[in-house]
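To keep things clear, I will list the structure first and then write my remarks on it.
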Amino acid sequence: MEKILIFIPMYNCEKQIPRVLGRIAALGEEQSLFTEVLIVDNRSADHSLEAAQSAMQELSIPVTLIRNVENYSLGGSHKVAFNYGLEKGFDFVVVLHGDDQGDIGDLVPLLKKGEHRELDSLLGSRFSKGSKLVNYSSFRIFGNHVFNLFASVCAGRRIYDLGSGLNIYKTSYLKDRFYRPFPNDLSFNVFLLLYGIYAKSSFRFFPLCWREEDQISNARLWKQTKRMLKLLFTYVFRRKTVFSGKKTEYSRIQYRYEIIARKEGSSCI
Ligand SMILES: Nc1nc2c(ncn2[C@@H]2O[C@H](COP(=O)(O)OP(=O)(O)OP(=O)(O)O)[C@@H](O)[C@H]2O)c(=O)[nH]1
Ligand SMILES: [Mg+2]
Numbered sequence: 012m013e014k015i016l017i018f019i020p021m022y023n024c025e026k027q028i029p030r031v032l033g034r035i036a037a038l039g040e041e042q043s044l045f046t047e048v049l050i051v052d053n054r055s056a057d058h059s060l061e062a063a064q065s066a067m068q069e070l071s072i073p074v075t076l077i078r079n080v081e082n083y084s085l086g087g088s089h090k091v092a093f094n095y096g097l098e099k100g101f102d103f104v105v106v107l108h109g110d111d112q113g114d115i116g117d118l119v120p121l122l123k124k125g126e127h128r129e130l131d132s133l134l135g136s137r138f139s140k141g142s143k144l145v146n147y148s149s150f151r152i153f154g155n156h157v158f159n160l161f162a163s164v165c166a167g168r169r170i171y172d173l174g175s176g177l178n179i180y181k182t183s184y185l186k187d188r189f190y191r192p193f194p195n196d197l198s199f200n201v202f203l204l205l206y207g208i209y210a211k212s213s214f215r216f217f218p219l220c221w222r223e224e225d226q227i228s229n230a231r232l233w234k235q236t237k238r239m240l241k242l243l244f245t246y247v248f249r250r251k252t253v254f255s256g257k258k259t260e261y262s263r264i265q266y267r268y269e270i271i272a273r274k275e276g277s278s279c280i
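When we follow the numbering used here, the leftmost residue of the sequence shown carries the number 12, and every step to the right adds one.
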């Protein structure tokens, strides 16, 4: 039986994390598509830990709640979870943001068809045909389409989303831990995507529903745009250097965590 880990990065999501876990519990018997849920708290300053610990009791599959020893940002939390997936012998790692913008249900039909087995990764896309956006302004949608087109030209491959919060990766693809030197901030996802193109990995985008309701957006528009442009420029002119595997300040971090709570699976599924 294949082993699939759902990794949930969580940072100040006390309101949203019960809903994210509730959507997994609502899958009912389909929860058994997944082997374990790993919630990675990035030292939230609110009551996310307590909210998660209480809501995780509703799931039928095992859940582990851990807390990073330091705030490693979103990219660093991915590293913690990828390392965990590799060390515990998982075959796939699903990334599902803890602020309830996406829905795990969007991935279920693909998993049932076994599409994840054919590719190194399946990437959720907010801007594909069939995607649904709730509370996104037309300006933001238009801007993203333009940016995705520009990124596609730079990368030489059609990009529909530079980084959404619902993706699945094969651990055999991650096993040499090429992600270790990547920056830990929100640009980690773009590094991951560009590396995937650089390394000629196999992936495709799938449409999803994405909401922005009570979530706090941390992506500062202009700062983020400038950073992305710089990154794409680097990809065009210096990709060999960037992806050569050379150690960076991020490679040296230990990415340690402590276990806060563990819930075993119930035998009814
Ligand atoms: N911002 C931020 N988010 C983190 C961190 N650690 C984990 N997360 C989680 O990472 C997920 C994505 O964070 P967001 O700030 O929404 O970033 P984003 O989805 O890339 O950008 P938006 O377009 O603003 O939604 C959320 O579920 C956060 O709870 C962290 O250190 N900073
Ligand atoms: Mg978000």
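Glycine included, every Cβ here is placed at the ideal spot set by N, Cα and C.
For clarity, every value in this text was computed on a predicted model and none was experimentally measured.
Sequence-distant Cβ neighbours of residue 91 in its own chain, meaning closer than 7 Å and more than five residues away, are 51, 79, 83, 266, 268. Judged by beta-carbon spacing, residue 166 lies within the 7 Å limit of residue 208, meaning their Cβ atoms are closer than that value. Unbroken alpha helix (DSSP H) runs of no fewer than 4 residues, entirely contained in the segment 133-170, are found at 149-166, following chain order. Taking 6 Å as the cut-off, one finds no heavy atom of ligand 2 near enough to the beta carbon of residue 265. By the criterion of a C-beta distance shorter than 8 Å, residue 23 is surrounded in its chain by 55, 56, 57, 59, 227, once the five residues flanking it on both sides are discounted. Taken in chain order, the whole alpha helix (DSSP H) runs of length 4 or more contained in the segment 202-265 are 232-253. Looking only at 223, 151, 212, the smallest Cα-Cα distance to residue 236 is reached by 151.
Distance check between residue 225 and each of 68, 37, 89, 146 places 146 closest, using alpha-carbon atoms only.
Taking 7 Å as the cut-off, the Cβ atoms of residue 192 and residue 261 count as close. Counted as a single uninterrupted DSSP element, the alpha helix (DSSP H) harbouring residue 128 occupies residues 126-129. Annotation for residue 115: 34, 35, 107 place their beta carbon closer than 6 Å to its own, counting only its chain and skipping 5 residues before and after.
Per DSSP, residue 181 is not a residue of any alpha helix (DSSP H); the beta strand (DSSP E) it occupies stretches across 177-181. Per DSSP, the continuous beta strand (DSSP E) segment holding residue 20 begins and ends at 15-21. With a threshold of 6 Å, the Cβ atom of residue 159 does not count as near ligand 1, since no heavy atom of the ligand is closer than that.
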